[in-house]
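Let me begin by presenting the structure, written as structure tokens, before commenting on it.
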Amino acid sequence: MRLLFIILFFLHSNHLFAETNLSSEDKLNQPKSNVSKLSKPGDDKDGYHSKDYESASKSLERSGKPADLYSIATTRQLGMPELSFAEGTNLTPEKIALGRKLFFDRRLSHTDTISCAICHVPEMGFAHNELKTAVGTEGRSVPRNAPTVINVAFLTKLFHDARENSLEDQVWGPLLAHNEMANPSPGYIINKLKSIPDYEGLFENAYGRPANMDNISRALAAYQYSLVSGNSPFDKWYYGGQSNAVDDSVKRGFEIFSGKGNCTACHLMNDKYALFTDEKLHNTGMGFATSMYVEPPRKKVVLAPGIEVDVDTSVYANDSRFKNEIAPNDLGLYVITQDPNDRWKFRTPTLRNVELSAPYMHNGQLSTLKEVVEFYNKGGTRSVGKHKNETISPLMFELNLTDNEVNDVVEFLKALTGENMDVLIMDAFAVPVGDVSLDDPNWFHENKLKY
Ligand code: HEC
Ligand code: HEC
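Per the numbering used here: the sequence shown = residues 2 to 452.
Pasting the structure below:
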């Protein structure tokens, strides 16, 4: 009892000590008991290059609150279309709960280290704010940026190159990819789930059968059906008729977005709802410069606050052992169709919650929304040096927006953050992360699955 008291005192005094070290601005950023400020990305890295950088990370204070995900999945939100489920889904709270457990479970990877949520981080817009391109098992590079999984349930074209059509099919990509969760086979995952004690009965309860390829995909999809977030300030104004839901800058920004900015040519909307995507693939010029090998050869890498190194990637560019380390030549849709006209074509992403999911584009090359709007303002990447981007979309052209107009478009984009994002994040915080516990055998090292 006395020991407990001492520990509690220690924790408490430590906390006070931490608090006195905070600047007044940081104090403002501290989480309040009400969660309304949560859905800002934890650490925007402003000033990260300076030695005086202080993290605004809230991870030590987090505590979760389960949400009624079933009702979120089945209630239509302002600005969103009706959600349609894959055939045979028959959504239930048990299916969602099982998928939610799987999504956060690191044991779903070969080495018990990487869950879906390691790359689709709830407090980072269910994307990843810290990495331009994702990093998987044992630090292996993934050539693309992790997109948000919020509102993916509405999409019929998944991945930056649209190579999958349904959430149910998509999950086998990361589960089996050598550089993501690195499982050797579907059967391996199934056997493992059948052996882990805390999954006992869960698949039988939700699906009436033990774990198999079909119900593992369906369960992960079921959780993602509940990650719906509309009802943004923009929706309240545009679809809900509340004139004071957004300020004038947002309204001016929307005027440009849907007018001379030509954004709605690809980021579609209609008078009933807006997913802000045509689900088509376009060449905006993003990735063109990298493919022409004009950028980098040098790459700046920040190792820690204030410690930056400048790496000459050409030193190892020709060594096949490091081919994943250099910026990859990503040709987008071409990889699937092998049609030269499809080079650098990527799927138009949704813009909902875009403020939360920096960095942007398939390669994470743009860090802020302002950089994105400036990219469009100059008409995308039309040429690099003597190389002309011949297949750039005819919908891309110089916009001649003033700096104020660019800022207004950014304000508009920030008004697309869904009302329940904090609810979804707090719900995610309430899920156990599926670490290997003392009751668990060491699945990876002890070969408990008897291969
Ligand atoms: C190592 C990081 C990583 C892990 C782990 C990971 N993902 Fe992803 N996810 C990505 C990246 C990167 C992409 C984009 C890949 C591409 O376009 O080729 C992506 C794309 C997606 C998409 C498509 C989104 C869209 O807008 O098209 C969905 C859905 C998704 N992941 C769900 C999951 C699920 C479910 C899991 C766990 C089974 C998972 N991811 C595990 C990094 C990851
Ligand atoms: C020709 C079609 C097209 C037009 C016009 C267009 N976009 Fe895009 N947008 C895309 C595509 C395609 C991507 C993804 C590119 C990539 O991944 O490399 C994208 C990506 C984005 C992103 C990054 C989203 C993310 O999650 O990474 C933002 C923000 C964005 N567009 C805003 C705008 C704005 C604002 C305008 C108008 C000024 C606009 N777009 C005009 C097709 C278009």
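All C-beta atoms, glycine included, are put in the ideal place defined by N, C-alpha and C.
>> Based on DSSP bridge pairs, tell me the residues matched to GLY333.
In response: As a first step, residue 333 is located in the sequence shown; it is residue number 332 there, counting from the start. Its beta-bridge partners are LYS346.
> Using 8 Å as the threshold, is the region 60-80 in touch with the region 185-203, meaning 3 or more CB pairs across them?
Replying inline: no
> Do you know whose CA, among ALA118, ASN152 and TYR224, lies nearest THR278's CA?
Replying inline: Locating residue 278 in the sequence shown gives position 277, where the first residue counts as 1. Cα-wise, what sits closest to THR278 is ASN152.
> Counting pairs of beta carbons, one from the region 253-263 and one from the region 65-73, are three or more of them closer than 8 Å?
Replying inline: no
> Does ligand 2 have even one heavy atom less than 8 Å from the beta-carbon of HIS161?
Replying inline: Stepping through the sequence shown from its first residue, residue 161 is reached at position 160. Yes, since a heavy atom of ligand 2 falls inside the 8 Å radius drawn around the Cβ of HIS161.
> Which value, in whole angstroms, describes the spacing of the CA atoms of ASN271 and ASP236?
Replying inline: Here the question's residue 271 lines up with position 270 in the sequence shown. Here the question's residue 236 lines up with position 235 in the sequence shown. Approximately 12 Å, taken between the alpha carbons.
> Which word fits LYS451, buried or exposed, when buried means at least 16 other C-beta atoms lie within 10 angstroms of its C-beta?
Replying inline: Start at 1 with the first residue of the sequence shown, and residue 451 comes out as number 450. Exposed.
> Roughly how many angstroms separate the alpha carbons of LYS252 and ALA275, rounded to a whole number?
Replying inline: On the sequence shown, residue 252 is found 251 positions in, with the first residue counted as 1. On the sequence shown, residue 275 is found 274 positions in, with the first residue counted as 1. Going from the Cα of LYS252 to the Cα of ALA275 covers about 16 Å.
> For ALA305, is the classification buried or exposed, using 16 other Cβ atoms within 10 angstroms of its Cβ as the cut-off for buried?
Replying inline: The count along the sequence shown starts at 1 and reaches residue 305 at position 304. The residue in question, ALA305, is exposed, as its Cβ has fewer than 16 Cβ neighbours within 10 Å.
> Can you name, in chain order, every residue of its own chain whose Cβ lies under 7 Å from the Cβ of HIS111, other than the five neighbours on each side?
Replying inline: Taking the first residue of the sequence shown as position 1, residue 111 is located at position 110. THR138, MET182, ALA183, ASN184, PRO185 and PHE445, listed in sequence order.
>> Measuring straight from C-alpha to C-alpha, what distance separates PRO433 and LEU367?
In response: As a first step, residue 433 must be located in the sequence shown, where it is residue number 432. As a first step, residue 367 must be located in the sequence shown, where it is residue number 366. Cα to Cα, the separation comes out at about 33 Å.
> Which of the three DSSP states, helix, strand or coil, is assigned to ILE308?
Replying inline: Here residue 308 is taken as the residue at index 307 of the sequence shown, counted from 1. Correct three-state label for ILE308: strand.
> Cα separation between GLU420 and PHE127?
Replying inline: The residue given as residue 420 occupies position 419 in the sequence shown. The residue given as residue 127 occupies position 126 in the sequence shown. Computed Cα separation, rounded: 15 Å.
> What is the C-beta distance between ALA212 and LEU228, in whole angstroms, given that I count them as a contact (C-beta under 8 Å)?
Replying inline: Position 211 of the sequence shown holds residue 212. Position 227 of the sequence shown holds residue 228. The pair is not a contact, with the Cβ atoms about 22 Å apart (cut-off 8 Å).
> What three-state label does DSSP hand ASN284 in the structure shown?
Replying inline: Position 283 of the sequence shown, counting from 1, holds the residue named residue 284. Strand, per DSSP.
>> Nearest by alpha-carbon distance to ASN405: which of THR338, MET397, ILE190 and SER250 is it?
In response: As a position in the sequence shown, residue 405 is number 404, starting the count at 1. Nearest C-alpha to ASN405: SER250.
> Which same chain residues, not among the five before or five after GLN243, have their C-beta less than 8 Å away from its C-beta?
Replying inline: As a working mapping, residue 243 is identified with position 242 in the sequence shown. The answer, listed in chain order, is LYS237.
> Excluding sequence positions up to five away, which residues of its chain have a Cβ less than 7 Å from the Cβ of ALA416?
Replying inline: The sequence position of residue 416 within the sequence shown is 415, counting from 1. Around ALA416: SER233, PRO234, PHE235, VAL247 and VAL251.
>> I'd like to confirm the pairing. Which residues does DSSP put opposite SER142 in its beta bridges?
In response: Taking the sequence shown and counting its residues from 1, the one referred to as residue 142 is at position 141. Beta-bridge pairing links SER142 to VAL136.
> Say the cut is 8 Å; is the CB of LYS451 nearer than that to a heavy atom of ligand 1?
Replying inline: Along the sequence shown, read from residue 1 onward, the residue named residue 451 stands at position 450. No, Cβ of LYS451 sits at least 8 Å from all heavy atoms of ligand 1.
>> I'd like the list of long-range same chain contacts for PRO341, defined as Cβ closer than 6 Å, with 5 residues on each side in sequence excluded.
In response: Residue mapping note: residue 341 aligns to position 340 of the sequence shown, counting from 1. Same-chain partners within the cutoff: there are none.
> Helix, strand or coil for SER34 per DSSP?
Replying inline: Position 33 of the sequence shown, counted from the start, is the residue given in the question as residue 34. With a pLDDT of only 45 at SER34, under the threshold of 50, the placement of this residue in the model should not be trusted; the figure read from the coordinates follows. Correct three-state label for SER34: coil.
> Is the region 281-295 touching the region 386-398, taking contact as three or more C-beta pairs under 8 Å?
Replying inline: yes
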